[in-house]
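Beneath this line is the structure, given in structure tokens, with notes to follow.
There are 2 protein chains.
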Amino acid sequence: MTEKSARGRPRQYDVRAALGAALLEFRRRGYTATSLDHLSEATKMARPSLYAAFGSKRDIYLRAAAQFAGDSVERRDRALFDEPSLPKALDSYFATLVAIYSEGDERPLGCPVLSVITGEATADPVIGAELAAALSRTDARFCQRIAAARDAGQLPPSTDIDAVADMLAALQHSLAQRARAGTALPELERIARNSVALTLKAAGAREP
Amino acid sequence: MTEKSARGRPRQYDVRAALGAALLEFRRRGYTATSLDHLSEATKMARPSLYAAFGSKRDIYLRAAAQFAGDSVERRDRALFDEPSLPKALDSYFATLVAIYSEGDERPLGCPVLSVITGEATADPVIGAELAAALSRTDARFCQRIAAARDAGQLPPSTDIDAVADMLAALQHSLAQRARAGTALPELERIARNSVALTLKAAGAREP
DNA sequence: GTATTTTTGTACCAATTCGCAATAAATTCA
DNA sequence: TGAATTTATTGCGAATTGGTACAAAAATAC
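If you read the protein sequences in the order shown, they are chains A and B.
For what it's worth, the working numbering labels the leading residue of the first sequence as 1, then goes sequentially.
For what it's worth, the working numbering labels the leading residue of the second sequence as 1, then goes sequentially.
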């Protein structure tokens, strides 16, 4: 027996697809320069429908970014936490990351948060909080992963977890910035590999 | 004998001061969200006057950013190149940098380029080129400084100049991003000190 | 004093922007 | 079948945006 839908005219949009299309627009232009008309075209939804479905422009961004984060976090966490070897985990994580940053168009679009809302973060408190939260999440993940490696004996007991995590976060911020500036994927990959190797060297990682 | 001015009504604005005020507005809001009205108020110049003096909104940004870069490059180069000891040079350079990133308002505004135009870089080719050029200039400076340190015997002859420079550039990108997200100066300083120390350790720097 | 030049200031323009009101369309329920 | 509900659509409004035309103001030159 097919499930009966609720009353009312059926939706012509798919929430996930619409949010995905919206985020691509935001990534193409940056937050402010993406208009409701851009979003309307991309989602094939009229502006009032966008408002009814998702709320204001800012709400649309926040929901789209959250969906993207939710979709990609598993991919990234698998790379970071499922591999017992720290060097391999980091290489895999950053390879995944630069692939994400290079997705979407014929030229890289960078990070859906760092590359899209950085300009607006100071003047708009909600956007600023979103940027700060994104940075904090990344920091927390790297701290967690470095702590796990130290506890597994792959790093010295005296390892300064925060300092090493800061280096890895810096690499992530840099890759996003470079992707946004047009750096090609192979170059991003080279930078990631070299920097991971140097960071591990500095941290005193045990050879595998 | 006082110098006679040219014909015409005397200017009521100072070019340097106007461009400085304009850049502060751009740093406060990001590029697109800064309107001609914002710039007009900040510079105390009417919009037609802004056009006559500096050109379009984009021209204003580019000129203001160039003036800022010109003013701060000496400060930064002095820190980086005048100090023979690489660790001291880098510490001094990044201390200068985070001070710059924290200047301007009661909360840090980050980098006048990386923190302001990143969102617009993909859709506007001129802005994109400006972002890419800023990244390239930073890369070139770090490469030059690391090569000088290797040639002075402070780093091993086999040092991978590019890889080390990439790490330092990553730190700079990260500090800009963190400043923009509201990170306080003491925290930026801590991250910079720790990251410089780890980078030098990875590079095999000689103890002073 | 008039002409020329440069700058300032007012007024205006066309287009865009975000957001809303009202209505029509498409479904289910009673 | 009509009512209720949800969604889509058209039209609109107020405000903003980047930019321009033109006249007035303020100086020098003759």
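Note that beta-carbon positions come from the ideal geometry of N, C-alpha and C, so glycine has one too.
In this text, all values refer to a predicted model and were calculated from it rather than measured experimentally.
Against chain A, which members of the segment 87 to 119 of chain B pass a CB distance test of less than 9 Å? ASP105, ARG107, PRO108, LEU109, GLY110, LEU114, SER115, VAL116, ILE117, THR118, GLY119
Within the chosen definition, does the segment 94 to 111 of chain A reach the segment 19 to 30 of chain B through at least 3 CB pairs nearer than 8 Å? Fewer than three beta-carbon pairs drawn from the segment 94 to 111 of chain A and the segment 19 to 30 of chain B are found closer than 8 Å, and the two stretches are therefore not classed as touching.
Where ARG180 of chain B falls, given that 16 or more other Cβ within 10 Å makes a residue buried: buried
Along the chain, where does the alpha helix (DSSP H) that runs through MET167 of chain A open and close? 161 to 180
State yes or no: is the beta carbon of ILE161 of chain B nearer than 8 Å to at least one beta carbon in chain A? no
Please report how far the alpha carbon of ALA165 of chain A lies from the alpha carbon of ALA66 of chain B, in whole angstroms. 34 Å
Using the beta-carbon count (16 or more within 10 Å), is VAL98 of chain A buried or exposed? Buried, because 16 or more other Cβ atoms sit within 10 Å of the Cβ of VAL98 of chain A.
Please go through the segment 57 to 116 of chain A and give each complete alpha helix (DSSP H) segment of 4 or more residues, from N-terminal end onward. 57 to 81, 86 to 102
What did DSSP end up calling ARG9 of chain B once you bin it into helix, strand or coil? coil
What distance in whole Å lies between the Cβ atoms of LEU86 of chain A and ALA149 of chain A, which are believed to be in contact at a cut-off of 8 Å? The C-beta separation of ALA149 of chain A from LEU86 of chain A comes to about 4 Å, placing the pair in contact by the 8 Å criterion.
Is TYR31 of chain A helix, strand or coil when you go by DSSP? coil
Who are the Cβ neighbours of GLU3 of chain B in its own chain at under 6 Å, not counting the five residues just before and after it? A caution first: GLU3 of chain B carries a pLDDT of 48, below 50, which makes its placement in the model too unreliable to give a value.
Taking a cut of 7 Å between CB atoms, which residues from the segment 125 to 141 of chain B lie near chain A? Listed by position, the residues of the segment 125 to 141 of chain B near chain A (Cβ gap below 7 Å) are GLY128, LEU131, ALA132, LEU135.
Does the beta carbon of GLU3 of chain B come closer than 8 Å to any beta carbon on chain A? Here GLU3 of chain B scores only 48 on pLDDT, less than 50, and its place in the model should not be relied on; the value that follows carries that caveat. For GLU3 of chain B, the answer is no, since every Cβ of chain A falls outside 8 Å of its Cβ.
Buried or exposed (CB count within 10 angstroms, at least 16 for buried), ARG178 of chain A: buried
If we count Cβ pairs, one from each stretch, closer than 8 Å, do we get three or more for the segment 76 to 86 of chain A versus the segment 37 to 55 of chain A? no
LEU198 of chain A versus PHE94 of chain A - alpha carbon distance: Cα to Cα, LEU198 of chain A sits roughly 14 Å from PHE94 of chain A.
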